[in-house]
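Peer 1: Numbering-wise, the sequence shown is residues 1 to 208 according to full-length UniProt numbering. Glycine included, every Cβ here is placed at the ideal spot set by N, Cα and C. Every value quoted in this text rests on a predicted model; they were computed, and no experiment measured them. Take this structure first; my questions come after.
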Amino acid sequence: MTMTQEQRWVVLWKRLGARGDARAVYTDLVARYSEPHRAYHTLEHIGHCLDEFEQVRHLAMNPDAVELALWYHDAIYDTKAKDSEERSATLAVEVARNASLPDSFGQSVANLITATKHASAPIDPDVQLLVDIDLSILGQSEDTFDEYERQVRKEYEWVAKDAFIAGRSAILKSFLDRQTIYSTQFFRDKYESQARANIAKSLARLRA
């Protein structure tokens, strides 16, 4: 039987031995991911990430830290700021501390979250998994990827067209310029080829 997202959260909370009301914390997460300015970075995105993670959980060194990081990596999402990842990491640390989890665990989660800025190719194995999961949308079917691109544009609808095209093109090109988009063999085998095709088509549209 497939678990609901709330059930997934409660199972993780109990497995961590976290103190406090799991459902109250979940309700806060739902409110954050339901903010009206979000189109892609919603609970649906988190659900997709968790589904991807279940396929590679056995590869993680600290799977519970990776899972908690997935839940919180976009908890704060402000398209007009450049520190959403850091603020999301700080929030996760606070939640972990309030739940009486070890500071070292909270810091591990924070380090994972800040890596989703995608500034460079990750080295740490758990960071590689989490970043690959976050980027798995790039390797979805053409229709799914195109919808993702539309949702991203909606989240940045306040940005002028020319500025958006320049910024989005730079981000997409930075992925194509990497030797590989995905750091792990699992995700390279699964998504690398499709991701490169999707990005190339998106760049062509943006430049047309």
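(1) Keeping to the same chain, check which residues put their C-beta closer than 7 Å to that of isoleucine 199; ignore five residues upstream and five downstream.
(2) What are the start and end residues of the alpha helix (DSSP H) that includes leucine 138?
(3) If you draw a straight line from the C-alpha of arginine 32 to the C-alpha of serine 104, how long is it?
(4) Could you tell me the boundaries of the alpha helix (DSSP H) in which isoleucine 113 lies?
(5) Around the Cβ of alanine 166, are there at least 16 other Cβ atoms within 10 angstroms (buried) or fewer (exposed)?
(6) Given tyrosine 26, which residues of its chain have a CB within under 6 Å of its CB, disregarding the five upstream and five downstream residues?
(7) Between leucine 29 and the ligand HEM, is the CB less than 8 Å from at least one heavy atom?
(8) Within 10 angstroms of its Cβ, does valine 95 collect 16 or more other Cβ (buried), or is it exposed?
(9) Exposed or buried, arginine 15, counting other C-beta atoms within 10 Å across all chains shown (16 or more means buried)?
(10) Could you check whether alanine 110 and alanine 92 sit closer than 9 Å to each other, using their CB atoms as the reference points?
(11) By the three-class DSSP mapping on this structure, what secondary structure does glutamine 179 have?
(12) Would you give the residue range spanned by the alpha helix (DSSP H) that alanine 24 belongs to?
(13) For glutamine 185, count neighbouring Cβ atoms within 10 angstroms of its own Cβ and tell me buried if that reaches 16, exposed if not.
(14) In the structure shown, what three-state DSSP assignment does tryptophan 158 receive?
(15) Does the structure place the segment 81-88 close enough to the segment 153-167 that three or more beta carbon pairs sit under 8 Å?
(16) What does a CB cutoff of less than 7 Å around glutamine 128 pick up in its chain, not counting 5 residues either side in sequence?
(17) Is it the case that the Cβ atoms of proline 125 and leucine 50 are separated by a distance below 9 Å?
(18) Could you check if tryptophan 158 is buried or exposed, using at least 16 other CB atoms within 10 Å of its CB as the buried criterion?
(19) CA-CA distance, glutamine 194 and serine 141?
(20) Helix, strand or coil for tyrosine 77 per DSSP?
(21) According to the neighbour-count rule (16 or more other Cβ atoms, all chains shown, within 10 Å of its Cβ), is alanine 75 buried or exposed?
Peer 2: If we stick to the structure as given:
(1) Leu138, Leu172, Phe175, Leu176
(2) Counting along the chain, leucine 138 falls outside any alpha helix (DSSP H), and DSSP gives it neither H nor E.
(3) 25 Å
(4) 103-114
(5) exposed
(6) Glu6, Trp9
(7) Looking at this structure, you won't find the ligand HEM or any other ligand, since it has none at all.
(8) buried
(9) exposed
(10) yes
(11) coil
(12) 22-33
(13) exposed
(14) coil
(15) no
(16) Pro122, Ser183, Thr184
(17) no
(18) exposed
(19) 8 Å
(20) coil
(21) buried
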